[in-house]
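Scroll down for the structure; my scribbles are underneath it.
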Amino acid sequence: MFRLRLANMSDTFDIKELMRLSISELQKGYLTDEQIKASFSIMGIDTQLIIDGTYFCVKIKDIMVGCGGWSMRSTLYGGNHSKNRDKKRLNPKSDRGRIRAMYTHPNYVRQGVGSIILKKAEESAKNFGFNQLEMAATLSGREFYEKCGYKVERSWNDDSAVPIPMFTMVKSI
-5 MFRLRLANMS
5 DTFDIKELMR
15 LSISELQKGY
25 LTDEQIKASF
35 SIMGIDTQLI
45 IDGTYFCVKI
55 KDIMVGCGGW
65 SMRSTLYGGN
75 HSKNRDKKRL
85 NPKSDRGRIR
95 AMYTHPNYVR
105 QGVGSIILKK
115 AEESAKNFGF
125 NQLEMAATLS
135 GREFYEKCGY
145 KVERSWNDDS
155 AVPIPMFTMV
165 KSI
């Protein structure tokens, strides 16, 4: 049913549109309208993940229904436009790999799309040598990640103009 593959640069338009839909729709009920609008300043596409070959996508016919991946770089979250980006490579022996930029199309939530992508990202990070992963999760994603074995290490607010609640979540793989 779902076809998972590595994302490539020609997917960026569809990925950006998926991210826009996901942020706009799936954060409702968790964030205020002002926080949802501010989320676009801290979330979005990080093409370094595509360049590194660690970002996956799922399409059904011509619709991008999911994307996400992992990173061996220091940046924990954010898109190309976000501040606090760091391309420094992590050491799999002493650092945690990062789960990054997980998004699902609002019409395809709870159908296994996110689970397929997350499982592939975890397997790929493990094959690279990481035994620990961490992510910056949103309120809307926290429950999903807990069901996938992630634990909240700490909660915090992003330091953007409008505070956005986030969770650092971790898992041994």
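In case it helps, this note's numbering puts the sequence shown at residues -5 to 167.
No residue lacks a Cβ here, since even glycine has one placed at the ideal position from N, Cα and C.
Scan the segment 61 to 142 and note each continuous alpha helix (DSSP H) run of 4 residues or more that stays entirely inside, going in chain order.
The qualifying runs are 107 to 122, 133 to 141.
Below 7 Å CB to CB, which residues in the same chain sit around residue 157 once its five sequence neighbours on both sides are set aside?
Within the same chain, residue 157 has close Cβ partners 151.
Helix, strand or coil for residue 154? Go by DSSP, reduced to three states.
Correct three-state label for residue 154: coil.
Take the Cβ of residue 40 as the centre, count every other Cβ of all protein chains shown within 10 Å, and call the residue buried at 16 or more, exposed below.
By the neighbour-count rule (16 or more Cβ atoms within 10 Å), residue 40 is buried.
For the 8 Å Cβ check, are there 3 or more pairs between the segment -5 to 2 and the segment 42 to 49?
As far as the Cβ criterion goes, the segment -5 to 2 touches the segment 42 to 49, which means the pair count is three or higher.
Give a yes or no on whether the C-beta atoms belonging to residue 20 and residue 109 are separated by under 8 Å.
No, the pair does not count as a contact, with Cβ atoms beyond the cut-off.
Using C-beta distances below 6 Å, list every residue in its chain close to residue 36, excluding the 5 sequence neighbours before and after it, in chain order.
The answer, listed in chain order, is 72, 76, 152, 154.
Taking all protein chains shown into account, do 16 or more other C-beta atoms lie within 10 angstroms of the C-beta of residue 88, making it buried, or fewer, making it exposed?
Exposed is the call here.
Classify residue 60 as buried or exposed, calling it buried when 16 or more other Cβ atoms lie within 10 Å of its own Cβ.
Residue 60 is buried by the Cβ-count criterion.
Can you grab the Cα-Cα spacing for the pair residue 163 / residue 131, in whole Å?
Rounded to whole angstroms, residue 163 to residue 131 spans 7 Å at the Cα level.
For the ligand PLP, is there a heavy atom less than 7 Å away from the beta-carbon of residue 10?
The ligand content of the structure shown is nil, which means the ligand PLP is not present either.
How would you call residue 5, buried or exposed, if buried means at least 16 neighbouring beta carbons within 10 angstroms?
When all chains shown are included, residue 5 counts as buried.
Span of the alpha helix (DSSP H) holding residue 44?
Its alpha helix (DSSP H) spans residues 41 to 46.
Quick check: what's the CA-CA separation for residue 115 versus residue 15?
Looking at the two C-alpha atoms, the distance is approximately 22 Å.
Using the three-state DSSP reduction, which class does residue 13 fall into: helix, strand or coil?
Residue 13: helix per DSSP, three-state reduction.
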